[in-house]
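Chemist: Got a structure for you, written out below as structure tokens; questions coming shortly.
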Amino acid sequence: MIAPKRQQNSYDHRLRELVFQSGRTETARRIGVPRSTIHGWTKAQPRPVVTLNAYGDYVESLERRVHLLERRTARLRVLLRLCIVLLRLSGFSLTYQRLPQGSDKHNLLRVIDLASRFVRLPRLLACIGLSSSRYYDWKNAQECGLDDVSSCPRSLPGQMTATERSEMRSMVQSEAYRHLSIGSIARLASRLGKVYACTSTWYRAIQNGNWIRSRKRIYPPKPRVGLRATKPNEYWHVDTTIVRLLDGSRVYLHAILDNFSRRVLTWRLNDTFETGTTAELLKEAAKELPDGTVPSAVMDSGVENVNGAVNELVSDGTIQRILAQVDIVESNSMIEAWWRQL
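Numbering-wise (the numbering used here), the sequence shown opens with residue 9 and increments by one.
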């Protein structure tokens, strides 16, 4: 059986001349010319062709212009695709964003009008996330000098007046009401007859107006100088701390410190925590006191300081117990600072 003869394709001689002279193969590839044929066109000299005068220079100029326009269109497509991807990744959409500035709306409308000559208006609005009703509201809106209102302002009978909004702003930003919550301010304003609005309306007005409340906190005055004695044995500091040894064990250190001289009057080291140690140390330190001297022992409210043995010393007038940060504002920081030096 004789195989059928393969039919060769024929192409316009001007296409072959364009590929040979310019080396641009995009046009030939686009219309389906095989790569092997294009490769042969770039190497071999075109054969002479008898034809009518078709103004070859004009055709070549058109081909060059088409080639430049195709390259420019390809660049614009790439840039447009990049801008669309960045816009989607950023999450920006006019559906959830406001344009309070009138100049921004005017510029956007002007660009939309220019682009609508080449792209249909619904497709343009869908690309930027702008509804058609909102677009025509902007288009037909009259001149307005208000820049902080909604994009589509509407007048309602129950809306807040300018006076009420001014009262709300003054009360929210007032230093006198900074200790009150928004709900308390709303109830106070209704009692005073200034503004009758629910708490959610107040929150919405604060968010839309970007009102910032005063966050300055008022702290009570703290003593800069701690407890200071004017003579020895006027104030004693009594405390207990835990000392961890190198072998992992721990011992309990009890001590009494004189406020005036910073001298450790007596101390004791125990393997276990014993609540009666504080009373024994107070008795030892009281033996060295001059007659008629009753020191004030500053201590915390732990079980080693508040028990029956210490209460007996307080009852018989040996010492006067002062609980730090309970009976006085000052703490027992003097002996605690001495612990940190160990």
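Even for Gly, the Cβ is constructed at its ideal location relative to N, Cα and C.
Could you name the residues of the same chain whose beta carbon sits closer than 8 Å to that of residue 124, not counting the 5 residues immediately before and after it, in chain order?
Modeler: 132
Chemist: Given this structure, state the Cα-to-Cα distance separating residue 195 from residue 228, to the nearest angstrom.
Modeler: 28 Å
Chemist: Candidates 327, 180, 237 and 58: which alpha carbon is nearest residue 203's?
Modeler: 180
Chemist: Pick from 137, 250 and 263: whose alpha carbon is nearest that of residue 92?
Modeler: Closest by C-alpha distance to residue 92, out of 137, 250 and 263, is 137.
Chemist: Specify whether the region 231-238 and the region 289-297 touch according to this definition: at least 3 beta carbon pairs, one from each stretch, less than 8 Å apart.
Modeler: no
Chemist: Sort 25, 79 and 39 by Cα distance to residue 56 and report the nearest one.
Modeler: 25
Chemist: So, with DSSP's three-state summary, where would you put residue 307?
Modeler: strand
Chemist: First and last residue of the beta strand (DSSP E) that includes residue 328?
Modeler: 328-331
Chemist: Could you pull the start and end residues of the alpha helix (DSSP H) that residue 220 belongs to?
Modeler: Unbroken run through residue 220: none, as it is neither H nor E.
Chemist: Report back the beta-carbon spacing between residue 261 and residue 251 to the nearest angstrom; my notes put them in contact at under 8 Å.
Modeler: 5 Å
Chemist: Taking DSSP as the reference, what is the three-state secondary structure of residue 272?
Modeler: strand
Chemist: If contacts are defined as beta-carbon pairs under 8 Å, then residue 360 and residue 266 qualify, I think. What distance do you get, rounded to the angstrom?
Modeler: For the chain, the structure presents residues 9 to 350; residue 360 sits outside this window and is missing.
Chemist: Check the DSSP bridge columns for residue 248 and list the partner residues they point to.
Modeler: 262
Chemist: DSSP on residue 278, reduced to helix/strand/coil?
Modeler: Note: residue 278 maps to strand in three-state DSSP.
Chemist: With distance defined between alpha-carbon atoms, name the residue in 253, 333 and 244 nearest to residue 291.
Modeler: 244
Chemist: Helix, strand or coil: which one does DSSP assign to residue 19?
Modeler: coil
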